[in-house]
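Chemist: The structure is given below, and queries will be raised subsequently.
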Amino acid sequence: MTAVDEPIPTRVRIQTETLPTQLPARTREEFEIDAVRQAVFDIRDMSVHYGAKEALTRTTLKIYKNLVTAVIGPSGCGKSTFIRSLNRMNDSIPAFRLSGQVLYHGHDVYGPGVNRVEVRRRIGMVFQKPNPFPKSIYDNVAWAPRNLGLRSHLSERVERALRQAALWDEVKDRLKKSALGLSGGQQQRLCIARAIAVEPDVLLLDEPASALDPVSTAAIEDLILELKSRYTIVIVTHNMQQAARVGDRAAFFSLDLTENVGTLIEYESVETIFRNPHDQRTREYVTGQFG
Amino acid sequence: MSGVDHTAALGGDTPLFDPTAPLTATGNLRRRMFVSRLVDGSAGIAALVAVALLGIVLYAVVSRGAKALSLEFVFTNPQGLTGGGIFNSLLGSFEVVMIGAVIAAPIGILTGLYLTEFAGRRSRTGRMLTVALDVLQGVPTIVTGLFIFGLLVIPLHQQSGIAGAVALAIVMLPLMARASQEVLLLVPASLREAADSLGVARWRAVLTVIVPAAAGGIITGVILATARAAGETAPMLICNSIFNPNTTQLNPLHGVPNVPMLIYTAYDLAVPDALTRLWGAAFVLLLLILIANVGARLLLARSRAKMGGGA
């Protein structure tokens, strides 16, 4: 049931001379995908500290275009820290410090001269708890386009975003009503519509379904599978079935037991992570033996 | 020690209580219940005293002021020393207080916004500014009045409504700033996060999401501060007390008749007719301030309910 819209071709021609012969299997997988996919994020040796406390240590991975990358792991292992570091949402946390590089299409997200408002304009985000503005449904979706100067064909833009978020049919007759009157699941889809109304490049979803009932969760998951043809999606989830259902690739984070610091343990295709993980800790986590 | 040792199997400890005994208070629970009732009772009495004080003040003012109150009293100007109404003072007070509010509200609200949205929640500047506002709020209003006397009255060689208004603005400013700060802090952080995540500049989010969400509370704070300043007497006495008390004079560059000064001079006359007028004017002033207060609180309750739906 694992969804991979474009299975990674197994017969990609890889120039053998560039591929060391005794490479571990996961690096081989990495090489293969690198050959066919454009990396949107190239994260190099990223560590995050909150004050003296290291929350995430030396993370290196690439996030690929039009794939759903699922970030899994036990509580407190740095999943949210990781995803929020990608669009600089951690900047507002006092004493937040990041080392290493987060390259987005080759540009360092934390580089000099980078404007974090511009970063977030390209890298949208949806949060765990639905957070619609206390405005009408229409104004929620129209808010960002209006403020970003995308005023022409605004109602078409709003309709398209609501359709993409699979919410249009439920709200088309009450666009002027308050968004706070929607159910939790509808509110979360509204937040997704609000995020995609400005057509970002990447969509970061931080446990988008964890506050929702199973029916709404299924709706959100279907939506994610729909959206990945247009957007590059990174989703943090506690729910491993969800990661397996919507993810193409999965990054497993855990606490390093000696240092108590969030660490990237394994980053593979979801098949590998869930069927044949290389690391014992991943195996124990995905089979429910810990976490 | 007594009866069956239930915990014998666990190591022979004496049980802490007999689980089969009736469920009434025993041992030191009785004493604790007594202390609890005592504390409960004295706190209740203290609260009652506070409400009673308001009741007594209201009764004193209403019972004396009601006699003087009539349409004529509200809508005509004074005659002679102790006759006529208080219309000119009401108009003048309204004007001076409004000028003060117009000066103080933008500065106060922007200060509140600076504290919550731009300075950073735990920044040094923010904390120092908050303390400074509290100190300003504690400055005796007669000192504020003297300051404006030196700043505006002496250089212009005359007392004026505008001088009084500026003094009142200084009284209102910290109240408005702190009230704005309080309600802006109630706006859920998730709304700021949502706005940030959409790649829209912070000031736009502040103007179009955060301020509208807190608007009810901000307006409430502005009204309460204005009502509080409306009764301030010391700044009026020092900056805005020289005028013809029997005519309507609304040019703010000269002295403007106002209710606190009317009450004060009537008190100073110390004759029975003046006392009736005094209580009447006090009643009107109190009534207006009460209406402003209750109205503002209703508004706040409404906007809180609206915001609660969003959280």
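Protein chains in written order, with my numbering: chain A, 362 to 652; chain B, 2 to 312. All C-beta atoms in this analysis are idealised placements derived from N, C-alpha and C, irrespective of residue type, glycine included.
1) Check A:T430 in the structure and name its three-state DSSP category.
2) Got a sec? Which residues, its chain only, sit under 7 Å from B:G86 by beta carbon, not counting five neighbours each side?
3) For the segment 192-205 of chain B, which residues have a beta carbon sitting closer than 7 Å to at least one beta carbon of chain A?
4) Out of A:V478, A:G623, A:D609, which one is the CA nearest neighbour of A:S655?
5) By the criterion of Cβ-Cβ separation under 7 Å, what are the contact partners of B:A214 in chain A?
6) At what residue ranges does the segment 201-279 of chain B contain a whole run of the alpha helix (DSSP H), taking only runs of 4 or more?
7) Under 8 Å, Cβ to Cβ, is there at least one residue of chain B near A:M674?
8) Any idea if A:F488 is buried or exposed, counting beta-carbon neighbours within 10 angstroms, 16 or more meaning buried?
9) Taking the DSSP output, what are the residues bridged to A:A556?
10) Please report whether the beta-carbon of B:R123 lies at a distance below 8 Å from any beta-carbon of chain A.
11) Hey, out of A:L573, A:L588, A:A580, whose CA is closest to A:H599's CA?
12) B:V210 versus chain A: which residues are under 9 Å apart at the beta carbon?
13) If we define contact as Cβ-Cβ less than 8 Å, is A:P435 a contact residue for chain B?
14) Please tell me whether A:G545 has its Cβ less than 8 Å away from any Cβ of chain B.
15) Please classify B:A271: is it buried, with 16 or more other beta-carbons within 10 angstroms of its beta-carbon, or exposed?
16) Just how far apart, CA to CA, sit B:I292 and A:G434?
17) Just checking: is the beta-carbon of A:A556 within a distance shorter than 8 Å of some beta-carbon in chain B?
18) Check the Cβ-Cβ distances between A:E582 and every residue of chain B, and say whether any is below 8 Å.
19) With 16 as the cutoff for other CB atoms within 10 Å, does B:L24 come out buried or exposed?
20) Can you list, in chain order, the residues of the segment 478-490 of chain A whose Cβ is nearer than 9 Å to any Cβ on chain B?
21) To test your reading of the DSSP string, which unbroken beta strand (DSSP E) runs of 3 or more residues are found completely within the segment 582-609 of chain A?
22) Just grab the DSSP bridge partners of A:V409 for me.
23) Which residues, taken in chain order from the segment 559-573 of chain A, show a beta carbon closer than 9 Å to some beta carbon of chain B?
24) Between A:L515 and chain B, is there a C-beta pair that is closer than 8 Å?
25) When you compare the CB positions of B:V188 and B:I219, do they come within less than 8 Å of one another, or not?
26) Is the CB of A:L551 under 8 Å away from at least one CB in chain B?
27) Comparing the C-beta of A:L509 with each C-beta of chain B, is any distance below 8 Å?
28) Please report the straight-line C-alpha distance between B:T131 and B:A226, rounded to a whole angstrom.
29) Using the Cβ count rule (16 or more neighbours within 10 Å means buried), how would you classify A:L618?
30) Checking contacts by CB at 8 Å: is A:P455 closer than that to chain B?
31) Go ahead and pull the three-state DSSP assignment for B:L299.
32) Along the chain, where does the beta strand (DSSP E) containing A:T624 start, and where does it finish?
33) Apart from the five residues on each side of it in sequence, which residues of its chain come closer than 8 Å, Cβ to Cβ, to A:L464?
34) According to the Cβ coordinates, are A:V519 and A:A503 closer than 8 Å?
Modeler: Well, looking at it:
1) strand
2) E73, F74, V75, F76, T77, N78, P79
3) L192, E194, A195, D197, S198, L199, G200, V201, A202, R205
4) What the structure shows of chain A is the stretch from 362 to 652, and residue 655 of chain A is not part of that stretch, so it cannot be assessed.
5) P495
6) 203-206, 212-231, 235-240, 260-270
7) Not covered by the structure: residue 674 of chain A. The range shown for chain A is 362 to 652.
8) buried
9) The partner list for A:A556 (beta bridge, DSSP) is empty, contrary to what the question assumes.
10) yes
11) A:L573
12) F494, P495, K496, W504
13) no
14) no
15) exposed
16) 57 Å
17) yes
18) no
19) exposed
20) V478, E479, V480, R481, R482, R483, I484, G485, M486, V487, F488, K490
21) 593-597
22) A:L417, A:L459
23) V559, P561, L565
24) no
25) no
26) no
27) yes
28) 17 Å
29) exposed
30) yes
31) helix
32) 622-630
33) F402, D403, I404, R405, V470
34) yes
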